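These notes concern the structure reproduced below.
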Amino acid sequence: MVKVYALSTCPYCKKTLKFFEENGIQADVVFIDKLDPEKRELAMREAHSYAGMYAVPVVVHGDKVIVGFDREKLEKLVEEIRDES
Amino acid sequence: MSPEEYLKVIERIASSKGWKPNPDREILLELARGLLENREKHGRAYCPCRIVTGDYEIDRRIICPCIYAGDDIAEYGRCFCGLYVSEEVFYGRKEAPVAIPDRHAEFIFSSSR
Numbered sequence: 001m002v003k004v005y006a007l008s009t010c011p012y013c014k015k016t017l018k019f020f021e022e023n024g025i026q027a028d029v030v031f032i033d034k035l036d037p038e039k040r041e042l043a044m045r046e047a048h049s050y051a052g053m054y055a056v057p058v059v060v061h062g063d064k065v066i067v068g069f070d071r072e073k074l075e076k077l078v079e080e081i082r083d084e085s
Numbered sequence: 086m087s088p089e090e091y092l093k094v095i096e097r098i099a100s101s102k103g104w105k106p107n108p109d110r111e112i113l114l115e116l117a118r119g120l121l122e123n124r125e126k127h128g129r130a131y132c133p134c135r136i137v138t139g140d141y142e143i144d145r146r147i148i149c150p151c152i153y154a155g156d157d158i159a160e161y162g163r164c165f166c167g168l169y170v171s172e173e174v175f176y177g178r179k180e181a182p183v184a185i186p187d188r189h190a191e192f193i194f195s196s197s198r
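In structure tokens form, the structure reads like this:
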């Protein structure tokens, strides 16, 4: 399972989620823009704590963090996840 | 207005500012879709890759083109959501980063402390 901090209107987030779906990887998605203000700020700070900056999408799996739609890194992560199972 | 029609608005803004629209048409249309969705939902074409807080004093800064776009394009070759890029990036003389820090979120959190 990967955790993805995303916005529902952001195309890079959509591409990232589609990538995981196409590769059969389950994603726990936090749509920050769908949260109420308090939870929204918490989620943004949480994403920032992983990414070191405010940006979306932020993908977290164990100690791996990918910021933005970075196909190369995402492909590597999928391979690692498959090796784990 | 359709995303395709909105691209004409984007091209006009880009040329007036000396920027270029993102050469990736798929991303460009998705960004246009996100902008139109925000305009529908929130009344203005707010940046599709940022949080709309509901506080107009904060949100007006991310009405596209956002107030940060010029600085971001100068520094990174792209605006935060990647709708607009510099000529160097557009013509392949420079590569824009996959993601850039969000000056707006920095503003939100520094002003909310």
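Chain order of the listed sequences is A and B.
For the first sequence, the residue numbers in our numbering are 1 to 85.
For the second sequence, the residue numbers in our numbering are 86 to 198.
Positions of the beta carbon are idealized from the N, C-alpha and C atoms, including for glycine.
These numbers come from a predicted model, not from an experiment.
Evaluate contact between the segment 105-113 of chain B and the segment 171-186 of chain B, counting only Cβ atoms and requiring at least three cross-stretch pairs below 8 Å.
Below 8 Å, enough C-beta pairs join the segment 105-113 of chain B and the segment 171-186 of chain B to call them touching: three or more.
Check each candidate in 182/B, 109/B, 150/B and 143/B and name the one with the smallest Cα separation from residue 100/B.
Numbered from 1 along the second sequence, position 15 holds the residue referred to as residue 100/B. Checked all of 182/B, 109/B, 150/B and 143/B; the closest Cα to residue 100/B is 150/B.
Measure how close the beta-carbons of residue 189/B and residue 153/B come, nearest whole angstrom, since I'm counting them as under 8 Å.
Looking up residue 189/B in the second sequence gives position 104. Looking up residue 153/B in the second sequence gives position 68. Yes, residue 189/B and residue 153/B are in contact; Cβ-Cβ is about 6 Å, under 8 Å.
In or out: residue 159/B buried (at least 16 other Cβ within 10 Å) or exposed?
Locating residue 159/B in the second sequence gives position 74, counting from the first residue. When all chains shown are included, residue 159/B counts as exposed.
Take every Cβ of the segment 69-78 of chain A, pair it with every Cβ of the segment 135-145 of chain B, and state whether three or more of those distances are shorter than 8 Å.
no
Taking residue 40/A as the query, report the chain B residues whose CB atoms sit under 7 Å from its CB, ordered along the chain.
Residue numbering aside, residue 40/A sits at position 40 when the first sequence is read from its first letter. Those within 7 Å of residue 40/A in chain B are 136.
Please compile the residues from chain A whose C-beta is within a distance smaller than 8 Å of the C-beta of residue 187/B.
Walking along the second sequence from the start, residue 187/B turns up at place 102. Per Cβ cutoff of 8 Å: 53, 54 and 55.
With a CB to CB cut of under 8 Å and the five nearest residues on each side skipped, what residues in its chain are close to residue 138/B?
Within the second sequence, the letter at position 53 stands for residue 138/B. Sequence-distant Cβ neighbours of residue 138/B in its own chain, meaning closer than 8 Å and more than five residues away, are 144 and 193.
Taking only three categories from DSSP, how would you classify residue 66/A?
Counting from one through the first sequence, the residue named residue 66/A turns up at place 66. In this structure, residue 66/A counts as strand in the three-state DSSP scheme.
Taking a contact to mean a Cβ-Cβ separation below 8 Å, would you say residue 51/A touches residue 65/A in this structure?
Locating residue 51/A in the first sequence gives position 51, counting from the first residue. Locating residue 65/A in the first sequence gives position 65, counting from the first residue. Contact annotation: residue 51/A and residue 65/A have beta-carbon atoms nearer than 8 Å.
Report the rounded CA-to-CA distance for residue 95/B versus residue 168/B, giving the unit in angstroms.
Your numbering for residue 95/B matches position 10 in the second sequence. Your numbering for residue 168/B matches position 83 in the second sequence. The alpha-carbon atoms of residue 95/B and residue 168/B are separated by roughly 8 Å.
Would DSSP call residue 56/A helix, strand or coil?
As a first step, residue 56/A is located in the first sequence; it is residue number 56 there, counting from the start. Three-state DSSP puts residue 56/A in coil, outside helix and strand.
Output the boundary residues of the beta strand (DSSP E) element that contains residue 174/B.
The residue you call residue 174/B lines up with position 89 of the second sequence. Where residue 174/B is concerned, there is no enclosing beta strand (DSSP E), although the alpha helix (DSSP H) it sits in stretches over 172-175.
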